[in-house]
Amino acid sequence: MYYNISFDIAAILVLVVLAVGMKTVLYTDTRGHKLVRTYVYSVIAFAVIDVITAYTICYGSMVPDFLNLILNSLYHYASVLTVATAMRTILNYYPSASKTSVMINRILIYLQAALVTVNLFTGCLFRFENGVYFHGSLYYVGYALPLATVLHMLYVVLINRADRPGAISKIILLFLFLPTIFTVIQMLFVDVLLIAFGEAFSALIMLFALETPDYRKLMKTMNELEIAREEANVANRTKSDFLASMSHEIRTPINGILGMNAMILRDGKDPQIVEYAENIRIAGNALLSIINDILDLTKIESGRMELISDRYDLFKVMNECYQMNRMRAGEKGLAFTFENDPKMPSEYYGDEVRIRQIINNLLSNGIKYTQEGSVLLKIGFVESHKASDSGGIYGILMITVKDTGIGIKQEDLGNLFKTFSRLEESRNRHIEGTGLGLHITKMLVQMMQGSIDVESEYGKGTVFTVKIPQRVTDRKPMGDFAVRLKEHTSVAASATGTFKAAGRRVLIVDDVKMNVLVFKGLLRGSEMTIDCAYSGAEAIEMTERSKYDIIFMDHLMPEMDGIETFHRIREDEKNINRDTPVVVLTANAIVGMRSSYLEEGFAEYISKPVEQERLIAVTAELLGIGR
Ligand code: ADP
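Count along the sequence shown from 1, then add 7; that gives the number in this note's numbering.
This is how it looks when you write it as structure tokens:
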């Protein structure tokens, strides 16, 4: 039988060029490169012996049998060597492959080598008799073992492929398959020696796809970048966590300060002292708003900012914004006007708190950066379509804030919404600010799928326009803001801002004494009996003894926190306050908390610092008292 050795010769030529190339221009001193090089050498050895044995088998009658046996055994050893180096090359890419996998791989290879050695003495794989080649009884085991090795490696690559970018695993699978396919073809056409050619192919792919110096460099750089990115992320997270916990820690004492100060403002008789207290209130609120901005920023950066949507009354939102800002505008002598389309719907579905925050940020900037003239808020609604199935009306809420202030230079407009960016620092040094407001505003608007635009003429004034998609929940026309404001003010003036509920009993649970004091102070006018507990355990004890109309429960307390205390009261069948409404109090301003507290079973949620208005509203509501 004659063999066609042309593929072997081609493989040898290619591999020799490759081997020289890898030692010279393509050289890199890495383990992967070294392994591919060893693979190339072993395939060269294999192909050379393949060519020799092709002749010695052909001319068997002229070659002594023992020499043929030795040469063919060398061919098989070289074959085992190529399989072994190929497997090591692959394993090098999967350092996380289990020890068992590596061990199985080794055993399979040792078995192949052992079989060739045993064959020398027994002829179990093949033998020569008078120059003729005969198969032994284990001939097919000689093929089954390398096949098992390849299959096992296929398994290793597949289960560890998450370790590596997808492309790498694909190339490795190709590296594994090519020689296998060529071996199968050779089994079908025995006279064409193809295996070495297939292996040369796979060596080329391996080298140029994964082991060239450029590729190595690229991979190294990518790895370094990945590590640097991870480090930067960790550092950023640490910073965010630090800022979040610092602001949280600062909020608690400020709440105490502002709460006590509210008491001085209310009960103070000496005008001088009341004036001092008023200054404390202004400075304290400014500090609180900076801290809230930092908390918001850290929440946005860490992706923890959530919108809480509910039905809201637009007049109420506008009125709150008006009340918040009118004093400061008045102090500066600015005309402060709110306008709206009286026919626009009165109630919408969205995050009221965040919409108020957006409007307030723009208004307070308008007032801050305007020395004379006016600040105007204009609100309108452009209906876009009716959703036929839900019957809802959708549209765009248009919020425009226009001022006649210092304006913004055209070239600065691009930097306006960046964090900590304050324009013209020297000129605006005397104006308070952190450069966070507009960044947060923009983020909030984007979270609501809206947009914010600015137009400005330097020295003349600025117009911010915010467009937010909203759903209408009540089409009733809102009416003219200015007209309603007048009515509302006269009603509000007649209300006392408090209520009477003598005979009612509430319990306040908070581990911080000052908070309890502030709280009691805020409800003092109500004539209710107010009991205090300074820990969860104490609260449970007290709820077992007396029946309360409302329990106000701080969330964060040492040992047993508010939620656990709440559940213990709820789950104790004998507790007489099992059904008493419990209102959770928290300085934990993480958005999304409100709904999770309500799901937990709390009747309401009040955030600290406790505002008297809100406290009274919640209490009156739960007691069923109209104010
Ligand atoms: P700050 O806390 O400094 O006000 P902002 O993020 O709210 O931070 O605003 C960023 C910068 O944009 C401000 O420092 C100011 O230079 C400029 N700016 C914002 N609003 C106005 C406005 N209405 N008129 C002029 N400049 C403004």
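Glycine residues also receive a C-beta, built at the ideal position from the N, C-alpha and C atoms. Quick caveat: nothing in here was measured; it's all calculated off a predicted structure.
From the options, residue whose alpha carbon lies closest to that of residue i
i: Val47; options: Val461, Asn582, Gly486, Gly205; result: Gly205
i: Phe573; options: Glu606, Ile547, Thr89; result: Ile547
i: Ser391; options: Pro484, Glu313, Gly402; result: Gly402
i: Gly486; options: Met325, Ala52, Val590, Asp170; result: Met325
i: Phe7; options: Pro476, Ala93, Leu78, Leu304; result: Nothing can be reported for residue 7, as the shown portion of the chain is limited to 8 through 634.
i: Pro484; options: Leu443, Glu359, Pro349, Ile374; result: Pro349
i: Glu534; options: Val617, Ile576, Ile623, Glu545; result: Ile623
i: Tyr100; options: Pro71, Ile64, Val43; result: Val43
i: Phe196; options: Ile12, Ala151, Ile362; result: Ile12
i: Gln456; options: Leu314, Ile178, Thr187; result: Leu314
i: Val490; options: Thr377, Thr344, Thr45, Arg363; result: Thr344
i: Lys30; options: Tyr84, Glu218, Lys493, Pro186; result: Glu218
i: Asn299; options: Met331, Arg258, Asn243; result: Arg258
i: Leu78; options: Asp36, Val109, Tyr140; result: Tyr140
i: Ile459; options: Val525, His83, Lys449, Leu158; result: Lys449
i: Ile570; options: Lys581, Leu629, Ser553, Ala544; result: Ala544
i: Leu158; options: Phe184, Arg171, Gly399, Phe73; result: Phe184
For residue j and residue i, believed in contact at Cβ under 8 Å, the rounded distance
i: Thr469; j: Gly380; result: With a Cβ gap of about 11 Å, Thr469 and Gly380 do not count as contacting.
i: Ser542; j: Asp518; result: 6 Å
i: Phe471; j: Val516; result: The pair is not a contact, with the Cβ atoms about 44 Å apart (cut-off 8 Å).
i: Leu514; j: Asp538; result: 5 Å
i: Leu304; j: Glu285; result: Contact doesn't hold; Cβ gap of about 29 Å is too wide.
i: Leu152; j: Leu115; result: 6 Å
i: Gln453; j: Tyr355; result: Incorrect: roughly 19 Å between the Cβ atoms, too far for contact.
i: Ile447; j: Ile307; result: 7 Å
Alpha helix (DSSP H) segment containing residue i, residue limits
i: Ser247; result: 220-274
i: Gly528; result: 520-529
i: Val479; result: First-last for Val479: 468-484, but that is the beta strand (DSSP E), not the alpha helix (DSSP H).
i: Met351; result: Segment: none, Met351 is in no alpha helix (DSSP H) and carries neither H nor E.
i: Glu338; result: 321-338
i: Ile64; result: 38-65
i: Tyr283; result: 278-308
i: Thr107; result: 106-129
i: Lys449; result: 444-454
i: Ile547; result: 543-552
Helix, strand or coil at residue i [DSSP, three-state]
i: Leu145; result: coil
i: Lys385; result: strand
i: Lys375; result: helix
i: Ala500; result: The pLDDT assigned to Ala500 is 41, lower than 50, so where the model puts this residue is not dependable; a value taken from the coordinates is nonetheless given after this. Reduced to three states, the DSSP call for Ala500 is helix.
i: Ile12; result: coil
i: Phe182; result: helix
i: Val513; result: strand
i: Ala610; result: coil
i: Ala508; result: coil
i: Gly6; result: Since the first and last residues shown for the chain are 8 and 634, residue 6 lies out of range.
i: Glu587; result: The sequence as given places Thr at residue 587; Glu does not occur at that position. In this structure, Thr587 counts as coil in the three-state DSSP scheme.
i: Ile557; result: strand
i: Ala342; result: strand
i: Met567; result: coil
i: Arg634; result: A caution first: Arg634 carries a pLDDT of 46, below 50, which makes its placement in the model too unreliable to give a value.
i: Met194; result: helix
i: Arg134; result: strand
i: Val21; result: helix
i: Val27; result: helix
i: Glu390; result: strand
i: Tyr34; result: coil
Delimiting residues of the beta strand (DSSP E) encompassing residue i
i: Cys4; result: In this structure the chain extends from 8 to 634, so residue 4 is not present and cannot be described.
i: Leu314; result: Taken as a continuous stretch (DSSP letters only), Leu314 belongs to no beta strand (DSSP E), as it is neither H nor E.
i: Glu462; result: 458-464
i: Gly205; result: No beta strand (DSSP E) contains Gly205, which is instead part of the alpha helix (DSSP H) from 202-213.
i: Ile97; result: Run containing Ile97: none in the beta strand (DSSP E); it sits in the alpha helix (DSSP H), 72-100.
i: Ile403; result: 400-410
Beta-carbon proximity of residue i to residue j, cut-off 8 Å
i: Tyr604; j: Asn584; result: no
i: Ser86; j: Phe53; result: yes
i: Ser353; j: Asp481; result: yes
i: Ser309; j: Asp358; result: no
i: Glu327; j: Phe488; result: no
i: Asn268; j: Ile287; result: yes
i: Asp15; j: Val50; result: no
i: Ala61; j: Ala203; result: no
i: Val590; j: Val625; result: yes
i: Leu451; j: Gln364; result: yes
i: Ser371; j: Asn422; result: no
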